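Listed in order, the protein sequences are those of chains A and B.
Residue 95 in the numbering used here is what sits at position 95 of the first sequence, and the numbering runs on without skipping anything.
Residue 137 in the numbering used here is what sits at position 137 of the second sequence, and the numbering runs on without skipping anything.
Each remark here refers to the structure printed beneath this line.
2 protein chains.
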Amino acid sequence: METRELRYFVAVAEELHFGRAAQRLGISQPPLSRAIGGLERRLGTVLLERGSRGVTLTGAGAVLLREARAALDAVEAAERRTRRAALAATGSPAVVLAAKAGASGELLAKLLDAYAAERDAVAVDVVLCGPGEQAQVLRNGRADVALLHRPFDDTAGFDTEDLHTEGQVAILPAGHPLSARPHVRLAEVADLPGLPLPRWPRPDGTFPDGPGPKVRDHTQLTQLIALGRACAVIPESGRIGLGEGLAAVPVPDAPDVTTVIAWPPHSRSTAVAGLVRAATAL
Amino acid sequence: METRELRYFVAVAEELHFGRAAQRLGISQPPLSRAIGGLERRLGTVLLERGSRGVTLTGAGAVLLREARAALDAVEAAERRTRRAALAATGSPAVVLAAKAGASGELLAKLLDAYAAERDAVAVDVVLCGPGEQAQVLRNGRADVALLHRPFDDTAGFDTEDLHTEGQVAILPAGHPLSARPHVRLAEVADLPGLPLPRWPRPDGTFPDGPGPKVRDHTQLTQLIALGRACAVIPESGRIGLGEGLAAVPVPDAPDVTTVIAWPPHSRSTAVAGLVRAATAL
DNA sequence: CAGGAGCGATACCCGGGCGGTATCGCCGTC
DNA sequence: GACGGCGATACCGCCCGGGTATCGCTCCTG
């Protein structure tokens, strides 16, 4: 199987429409039909059910979609990491670290300082991601190492070291009745009248159904809470630098959040190893 | 990057010789030179140093070799798993379990029994591998789930559950002076005159240098020991069914061996989940 | 029920790229 | 200095990937 075929299949499987998929791929529809047909013939199975009412995935098609995404990520990563290695050899070595925007700010700063103090430390490019995007950028090679947060982020497939565990706090508009309490239970925060928990995007960019407002980053979240339109439960470390208008109340029964440093298991980069060493020594 | 280019590059990087690589790929040498040249041009870097004395990898080339192998494994896995899913849909569902030949025999039997007793259990094909091959077959999709042995096998990149931990024993020819001892130290076994530790193949099939005989599987090992040509240190559970002519002596200071069940992190198969459940419940 | 719209499959053509053979250029080595 | 080994280059032919035009089917609609 060629990566071109995998790209084509993923496009059709995501759009569930040959015409739109072809448009997205920048080709016309007939070659796309032929490519998918050829793939099905060689695999000896039907991947897509062409009904009169659009296209649906078969079981084998669903498996291939999952596997093809992983394979394409690996190919992309190969290209990016090779390019990065070539750059490193010609004089400007750098390592790319992915972190969630607005999380673990203090830990990140300490990590960068500690690593910079090491012998033969190289430049660290920091890529700030939306929630849940770090694993993706680590898989497709945009980053060499990432800070993830269990249990929110999926650490499967990476080597990891735990760095820090903390409890969670509820963030409420200042002056809210609950904000004076020494602590609250998760259930109490879950359905406050008029203050729903916000909805975060899924990995594919869509939002789950529900009453809460859609948010994509930490700034949107704090603004919405300050406006009295939502509340949230976030790791303790997120409370620092919250600004006016917000109050934080511990939520003892919310699951602990562990910040971990993660890297691709076959990584052989000394820079990544140095960052991990610096992080675990914090 | 197309998988064809990656396959070509891996072949050259492994052979370090364009002619032999072309032969292995079943094409002639000129198109191979052109393909590699094109890859280097598009990546904007030199991957292979063509010296008068053969070919060597550059730094970027070494990175690409590692990443390309991973990517090709992922593509292969996509193809195999899709084929398997298609088979499963047409009536003969099966799950493939990889285990090291000659290890954990008892545990494997109990696992298969326990799983077979489950509701809607499917057929389990067992693939017996040489030492260290399980991770490879799991990565490239020949197997869906595997039994690995830490610290010997590399579990990086997989989800795992620990099943069983045990100590190690030295296997000696019956009648050897040490065989009467209640236990021995690792260092004592390491350099017995005339009884060297055998050499196991590396993942790429070559053997490390050293005095010991080359062995590829458990049978060869036991024969060599019975012949008085080698000794070995293996997990306790390997002593059962040793047969005549061999003695086992505990080695308390050898590292413990943990048998784990491992599967690809994005696996969604209910059969794999069932096997894992059965295994952890043992 | 006829007409039309939407969508994927098919027919057919064209051009680029992949693979093949022949040959060159560069080094070592005898 | 001749030769042999090895990778690069030149050149050619053909297949395959991509394009346009069109078909066949289904469903909706007036």
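Using N, Cα and C, we set each Cβ at its ideal position, and we do this for glycine too.
Computed from a predicted model, the values in this text were never measured in an experiment.
List the residues that DSSP assigns as beta-bridge partners of residue i.
| i | result |
| --- | --- |
| A/P250 | A/V169 |
| B/P235 | B/Q168 |
| B/E161 | B/I261 |
| A/R150 | A/T258 |
| B/L128 | B/A99 |
| B/I145 | Correcting the residue identity first, residue 145 of chain B is Val in this sequence and not Ile. According to DSSP, B/V145 bridges with B/L97. |
Beta-carbon within less than 8 Å of residue i's beta-carbon, same chain only, minus the 5 sequence neighbours each way: which residues are those?
| i | result |
| --- | --- |
| B/H218 | A101, G102, A103, G238 |
| A/L178 | A170, L172, V184, E188, V189, L192, V249 |
| A/E79 | G141 |
| A/V233 | Q168, V169, A170, I171, L186, V189, L197, V251, A254 |
| B/G175 | A247 |
| A/I240 | G105, E106 |
| B/G38 | E5 |
| B/V276 | V145, E161, I261, W263 |
With burial defined as no fewer than 16 other Cβ atoms inside 10 Å of the residue's Cβ, what is the status of residue i: buried or exposed?
| i | result |
| --- | --- |
| B/E67 | buried |
| A/G54 | exposed |
| A/T31 | A quick correction: the sequence has Pro, not Thr, at residue 31 of chain A. When all chains shown are included, A/P31 counts as exposed. |
| A/R4 | exposed |
| A/L227 | exposed |
| B/A116 | exposed |
| A/D204 | exposed |
| A/A109 | exposed |
| A/T270 | exposed |
| B/G19 | exposed |
| A/A296 | What is shown of chain A runs 1 to 282, which leaves residue 296 of chain A out entirely. |
| A/I225 | buried |
| B/S28 | exposed |
| B/G212 | buried |
| B/E106 | exposed |
| A/R24 | exposed |
| A/T222 | buried |
| B/S267 | buried |
| B/A123 | exposed |
| B/E161 | exposed |
| A/P208 | exposed |
| B/L318 | Because residue 318 of chain B is not part of the residues shown, which for chain B are 1 to 282, the question remains open. |
| A/R69 | buried |
With a CB to CB cut of under 6 Å and the five nearest residues on each side skipped, what residues in its chain are close to residue i?
| i | result |
| --- | --- |
| B/T165 | D256, T258 |
| A/V215 | P198, L221 |
| A/L72 | L6 |
| B/L235 | The question names Leu, yet the displayed sequence has Pro at residue 235 of chain B. The answer, listed in chain order, is E166, Q168, V257. |
| B/G245 | A174, A226 |
For residue i, collect the residues of the same chain with a Cβ closer than 7 Å to its Cβ; drop the 5 residues on either side in sequence, then sort them by chain order.
| i | result |
| --- | --- |
| B/R181 | V249 |
| B/T155 | L148, V260, A262 |
| A/P283 | Absent from the structure is residue 283 of chain A, since the part of chain A shown begins at 1 and ends at 282. |
| A/R229 | P213 |
| B/L138 | A98, A146, F158, A262, P264 |
| B/V126 | L97, A99 |
| B/D153 | G132, Q134, A135 |
| A/L128 | A99, A101 |
| B/E118 | G274, A278 |
| B/A21 | A11, V12, E15, L32 |
| A/E40 | V46, L47 |
Report the start-end ranges of each alpha helix (DSSP H) in the region 164-208 of chain A that is 4 residues or longer and not cut off at the edges. Taken in chain order, the unbroken stretches of alpha helix (DSSP H) that lie wholly in the region 164-208 of chain A and span 4 residues or more are 186-190.
Which runs of the beta strand (DSSP E) fall wholly inside the region 18-75 of chain B and span at least 3 residues, in chain order? Correct list: 48-50, 55-57.
Could you give the uninterrupted runs of the beta strand (DSSP E) lying entirely in the region 67-125 of chain A, keeping only those of 3 residues or more? Whole beta strand (DSSP E) segments, 3+ residues: 94-100.
Cβ pair count under 8 Å reaching 3, the region 48-62 of chain B against the region 45-61 of chain A: No, they do not touch.
Take every Cβ of the region 135-148 of chain A, pair it with every Cβ of the region 76-96 of chain A, and state whether three or more of those distances are shorter than 8 Å. Enough Cβ pairs lie closer than 8 Å, so yes.
Are at least three pairs of beta-carbons, each pair with one atom in the region 58-72 of chain A and one in the region 34-48 of chain A, less than 8 Å apart? The region 58-72 of chain A vs the region 34-48 of chain A: in contact.
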